[in-house]
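To keep things clear, I will list the structure first and then write my remarks on it.
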Amino acid sequence: MWLALCAVILGTFVTVLNNSLINVAIPEMTNVFGSTTDTMQWVLTGYSLAAAIVIPLSGFLGDRFGTKKLFIIALAGFTITSVLCGLAWSDISLIAFRVLQGISGGVLSPLSMTIIYGIVPKNKIGTALGIWGIAAMAAPAVGPTISGYLIDFFSWRWLFFISVPFGIFAVTAGIFLLKESPLKQASFDLGGAVLSVIFFSTLLLALGQGNKEGWTSFYIVGLLFVSFFSLLLLIWVEAGAEDPLLDLQLFKNPIFTLSVICGGLVMAGLMGGSFLVPLYLQNVQGLTPIDTGIIMIPQGVLMALMMPLSGRLFDKLGVVPVAIAGLLLMSTTTYELQHLAINTPIPWLTVILALRGMGIGLCMMPITTAGMNSIPKELIGRGSSLSNVLRQVAGTMSIAIFTTIMTNRQIFHVRNIADGIPSDSYLATQALSQISSALAQMGTDAATATGGASAVLVGIMQKEALNSAIADTFLISAIPLFVCIPCVFLFIKRRTAKTKEKMVPAKEAAV
268 MWLALCAVIL
278 GTFVTVLNNS
288 LINVAIPEMT
298 NVFGSTTDTM
308 QWVLTGYSLA
318 AAIVIPLSGF
328 LGDRFGTKKL
338 FIIALAGFTI
348 TSVLCGLAWS
358 DISLIAFRVL
368 QGISGGVLSP
378 LSMTIIYGIV
388 PKNKIGTALG
398 IWGIAAMAAP
408 AVGPTISGYL
418 IDFFSWRWLF
428 FISVPFGIFA
438 VTAGIFLLKE
448 SPLKQASFDL
458 GGAVLSVIFF
468 STLLLALGQG
478 NKEGWTSFYI
488 VGLLFVSFFS
498 LLLLIWVEAG
508 AEDPLLDLQL
518 FKNPIFTLSV
528 ICGGLVMAGL
538 MGGSFLVPLY
548 LQNVQGLTPI
558 DTGIIMIPQG
568 VLMALMMPLS
578 GRLFDKLGVV
588 PVAIAGLLLM
598 STTTYELQHL
608 AINTPIPWLT
618 VILALRGMGI
628 GLCMMPITTA
638 GMNSIPKELI
648 GRGSSLSNVL
658 RQVAGTMSIA
668 IFTTIMTNRQ
678 IFHVRNIADG
688 IPSDSYLATQ
698 ALSQISSALA
708 QMGTDAATAT
718 GGASAVLVGI
728 MQKEALNSAI
738 ADTFLISAIP
748 LFVCIPCVFL
758 FIKRRTAKTK
768 EKMVPAKEAA
778 V
């Protein structure tokens, strides 16, 4: 059992590591191909869209063809496309290969959870999922640092090639260690598949492009319009389907529904910090990507270490005490990040992020496991697909919302700073004079020094405004985490109700 779990862990590690490597490398690949940042962002967007589209299909494919066979095919496909990405000759070819890679990668996460539920006894499922979670948390912890090292000393192509030996080893381990699951002859829900593709692709595309194109632009409004009506049609079609692709009947299970809601709230708070911290370290503190990665390593390591511990505690104590402890840590540390300043000491920030990592590691897996444990074993594949795709939507939506908030707050703070220090004020005149003098001492002529001083002062104002905007956004990103805390207590009520339901038939039988 545990050897088979190792094969699943390795497969998860390969996919998560690959994505954490690529996130840091977009500027380098943009320069190499002579492309634009907007075009190269499709290296990330294309993968995410393909993964989101295929996640709902993973439950059906696992039932129809077997989880072992699908796992090996998906992992082999991911490894082959890693090679193709490393051999890409243009930005368009790289984007195309990343879309293909997203199709394989999107299957692996929900499928891995389905396989674990098939090979691990229910009383040890928390521990098993906690160990599996190490891979999901360890890869992002080391990814940025490895990415910076490979770019500095080798080539961006090695960001893809490094995954190949891990992929080959994971495929080999899967062939020999995994057992095939029973096949189920379910009919393919074509209507549900088409509508889910339309809904998730248009929604995620709108969320990803909204800040760039403008939320009121015809393009974004059109995408949101199509996604909304395709969602309504999807719900109608799935409600009447004999074998629905997305089994919405699972939401009749209150524990599963509560798990999805809490998981979405945690994901929102998690993703807020995931993109704000690197932005702060690089754009405010002026650190390099590799230094940023090193600072974030303790957070990732503690996340990974807390995963198996949270699993064991879940098996013994249940979801509520473990998740509450994690949420208290995660919410308070995220709230504390509102105090970030331009000169915030790095050791203080590292400690806060490490404690935040402990909280994430404690609360993520118990919330997910509680929901999955509440549904019948034969529906685990469908439940895993539904839970994963909704979590991905929550993460993408939160990034879009927080980016918009941060942009608006930055504009607000720039205006405040400009209004507080008019260009003809004594403070502004003194600052310009000191900067001009410093530039003149470096050999710059008077006209250039004056213009340069104005540019430097504007840059200082922009940096201060960005810092304040990031701090404000951290405060807002803590809100879903605080909201999640009372929601988790509802697991006690649902569990008590479920226990009473089981006791009533037993008493009737005794009579």
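Note that this note's numbering has the sequence shown beginning at 268, numbered continuously upward.
Don't be surprised by glycine CBs; every beta carbon is placed ideally from N, CA and C.
Since this is a predicted model, take the numbers as computed values, not measurements.
Asked: Boundaries (first-last residue) of the alpha helix (DSSP H) holding Val504; Found: 485-507
Asked: Own chain partners of Leu548 with C-beta closer than 6 Å, once the 5 adjacent residues on each side are dropped; Found: Leu554, Thr559
Asked: Gly540 - DSSP class collapsed to helix/strand/coil; Found: helix
Asked: Test item: CB-CB of Ala395 and Gly578 under 9 Å; Found: yes
Asked: Asn478 Cβ short of 8 Å to the ligand SAH heavy atom set; Found: Because no ligand of any kind appears in the structure shown, any question about the ligand SAH cannot be addressed here.
Asked: Met574 beta carbon less than 9 Å from that of Met631; Found: yes
Asked: Counted within 10 angstroms of its Cβ, other Cβ atoms place Tyr693 as buried (16 or more) or exposed; Found: For Tyr693, the predicted structure reports a pLDDT of 49, less than 50, and the residue's modelled location is therefore unreliable. A value from the coordinates is still provided. Exposed, because fewer than 16 other Cβ atoms sit within 10 Å of the Cβ of Tyr693.
Asked: Chain D within 9 Å of Val755, Cβ atoms only; Found: Annotation note: the requested chain D is absent from the structure, which comprises a single protein chain.
Asked: Simplified DSSP assignment, three categories, for Ser641; Found: coil
Asked: Closest Cα partner of Ser360 within the set Ile528, Leu324, Phe300, Tyr416; Found: Phe300
Asked: Of the listed residues Asn550, Met639, Leu584, nearest to Ala608 (C-alpha basis); Found: Asn550
Asked: Contained alpha helix (DSSP H) runs [length at least 4] in the segment 301-353, N- to C-terminal order; Found: 304-307, 309-332, 334-353
Asked: Option in Ser448, Glu731, Trp425 with minimal Cα separation from Arg676; Found: Glu731
Asked: Secondary structure of Ser379, DSSP reduced to three states; Found: helix
Asked: Assigned exposure category for Ser641 - 16 Cβ within 10 Å defines buried; Found: buried
Asked: Own chain residues within Cβ distance below 6 Å of Ala271, not counting five before or after; Found: Ile386, Leu444, Leu445
Asked: Minimum C-alpha distance to Gly624 - residue among Ala403, Gly344, Ile320; Found: Ala403
Asked: Gly648 beta carbon less than 9 Å from that of Leu311; Found: no
Asked: 9 Å Cβ cutoff met for Ile634 and Ser497; Found: no
Asked: Limits of the alpha helix (DSSP H) - the one that Thr601 falls within; Found: 586-603
Asked: Boundaries (first-last residue) of the alpha helix (DSSP H) holding Glu480; Found: 457-480
Asked: Proximity of Ile627 and Met597 at Cβ, strictly below 9 Å; Found: yes
Asked: Where the alpha helix (DSSP H) through Gly517 begins and ends; Found: In the sequence as presented, Gly is not what sits at residue 517; that position holds Leu. Neither: Leu517 is in no alpha helix (DSSP H) and is coded neither H nor E.
Asked: Tyr693 (DSSP reduced to helix, strand or coil); Found: Note that Tyr693 scores a pLDDT of 49, beneath 50, so its modelled location is shaky; the value from the coordinates is reported in the next line. Helix.
Asked: Rounded straight-line distance, which links the Cα of Gly536 to that of Pro449; Found: 38 Å
Asked: Contact check, Ile752 vs Leu595, beta carbons under 9 Å; Found: yes
Asked: Bounding residues of the alpha helix (DSSP H) (the contiguous stretch that carries Ile609); Found: Ile609 -> no alpha helix (DSSP H), and no H or E assigned at all.
Asked: Exposure of Asp419, with buried meaning 16 or more beta-carbon neighbours within 10 Å; Found: exposed
Asked: Backbone CA spacing between Val350 and Gly344 [nearest angstrom]; Found: 10 Å
Asked: Where Ala406 falls, given that 16 or more other Cβ within 10 Å makes a residue buried; Found: buried
Asked: Inter-residue spacing [alpha-carbon to alpha-carbon] between Val464 and Ala745; Found: 32 Å
Asked: Start and end residues, alpha helix (DSSP H) containing Val431; Found: 430-444
Asked: Contacting residues, own chain, Cβ-Cβ under 6 Å from Glu480 (five flanking each side not counted); Found: Tyr486, Ile487
Asked: Beta-carbon proximity check, Leu513 vs Leu653, cutoff 9 Å; Found: yes
Asked: Three CB pairs or more closer than 8 Å across the segment 427-441 and the segment 271-288; Found: yes
Asked: Sub-9 Å separation of Asn285 and Gly372 beta-carbons; Found: yes
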